[in-house]
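Under this note's numbering, the sequence shown has 111 at position 108, and the numbering climbs by one with no breaks.
Structure first, commentary second.
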Amino acid sequence: MKSFVTIPVVVLAGWLAAGPVLAQEAETPPEGDLEEGMSLLEKGMAMVLRGVLDEMEPALGEMQRGIEEAGRDLAPAVDKLISLLDDIRNYDAPERLPNGDIIIRRRPDAPAYVDPAPETTEL
4 MKSFVTIPVV VLAGWLAAGP VLAQEAETPP EGDLEEGMSL LEKGMAMVLR
54 GVLDEMEPAL GEMQRGIEEA GRDLAPAVDK LISLLDDIRN YDAPERLPNG
104 DIIIRRRPDA PAYVDPAPET TEL
């Protein structure tokens with residue numbers, strides 16, 4: 004009975020003593036394995052990103068067309084606004100009123116406003 008208990012204890016003690024040695028060897032993988040693992044990781048990430056871009060390409064194309072169309076539609080209004088503002092430094096930051104209106108006030112110390120060429124109507 005005494006030998007039946009001592010054998011597992013000796014085996015357990017040997018296994019516990021060898022544990023740190025085995026763990027220490029496992030910490031430093033061979034250089035080839037590390038480089039191969041990094042290469043596979045890079046390839047995997049490239050595949051994931053390529054898949055995401057392939058799925059998003061139609062939506063991005065549609066968004067680009069929408070932005071170009073909005074630019075064409077808004078260009079005349081933006082040009083008119085720019086012609087009305089002589090110098091952006093002569094104005095305060097935009098202010099939103101409680102009713103939702105947005106006001107851009109001219110600074111009190113700004114020079115007098117000179118109207119650009121007034122619009123003429125042809126008859």
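Backbone N, C-alpha and C fix where the C-beta goes; we use that ideal spot for every residue, glycine too.
Since we're looking at a predicted model, the values are computed, not measured.
*Please state if the CB of ALA78 and the CB of ASN93 are separated by a distance shorter than 9 Å.*
Looking up residue 93 in the sequence shown gives position 90. Looking up residue 78 in the sequence shown gives position 75. Not in contact: ASN93 and ALA78 (Cβ atoms no closer than 9 Å).
*Which residues in the same chain have their Cβ closer than 8 Å to the Cβ of PRO101, if we skip the five residues on either side of it in sequence?*
The residue you call residue 101 lines up with position 98 of the sequence shown. If we look at PRO101 and ignore the five residues flanking it on each side, it has no Cβ neighbours.
_I'd like to confirm the pairing. Which residues does DSSP put opposite ARG92 in its beta bridges?_
Within the sequence shown, the letter at position 89 stands for residue 92. Partner(s): none; ARG92 has no beta bridge.
*Given ARG108 as reference, the closest of GLU98, GLY74 and ASP76 once Cα atoms are compared*: Here residue 108 refers to the residue found at position 105 of the sequence shown. The shortest C-alpha separation from ARG108 is found at GLU98.
*ASP118: which of LEU56, GLU45 and ILE85 sits nearest, CA to CA?*
To locate residue 118, count along the sequence shown from 1; it is residue 115. Here the closest residue by C-alpha is ILE85.
_Cβ distance (whole Å) where ASP89 is taken to contact TYR116 below 8 Å_ = Position 86 of the sequence shown, counting from 1, holds the residue named residue 89. Position 113 of the sequence shown, counting from 1, holds the residue named residue 116. Confirmed, about 6 Å.
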